[in-house]
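Residue numbers (the numbering used here): 6 to 109. The structure appears right after this line, and notes come after that.
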């Protein structure tokens, strides 16, 4: 289950998190975002220690702007507070897994 991210918990849940963290930027109205959710959940189930977080761009506007998010879904891969990779759009599971494997 993805952790809902707000400006209040972003630092503790994402920036100060140890290990690999996926942060998916999305919106309730975004069809591709909804299709990506089960793919990311499957990835999380397959990868022990992977932290999955979600941020709604309509309710939390500052964080997406700070990271240059211009469209959704956008998925950022963090490790030790740093962005390692970015994927924009709906992508297949194997593409997400390749990014995870590269950054473990």
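No residue lacks a Cβ here, since even glycine has one placed at the ideal position from N, Cα and C.
- For residue 100, the enclosing alpha helix (DSSP H) stretches over residues 98-108.
- When the Cα atoms are used, residue 76 and residue 28 turn out to be separated by approximately 14 Å.
- In this chain, the alpha helix (DSSP H) harbouring residue 70 covers 67-71.
- Taking C-alpha positions only, residue 7 is separated from residue 30 by approximately 12 Å.
- Just so you know, the alpha carbons of residue 54 and residue 83 end up roughly 13 Å apart.
- Rounded to whole angstroms, residue 9 and residue 104 show a C-alpha spacing of 22 Å.
- In this structure the stretch 31-49 lies against the stretch 89-101, because at least three pairs of beta carbons, one per stretch, are closer than 8 Å.
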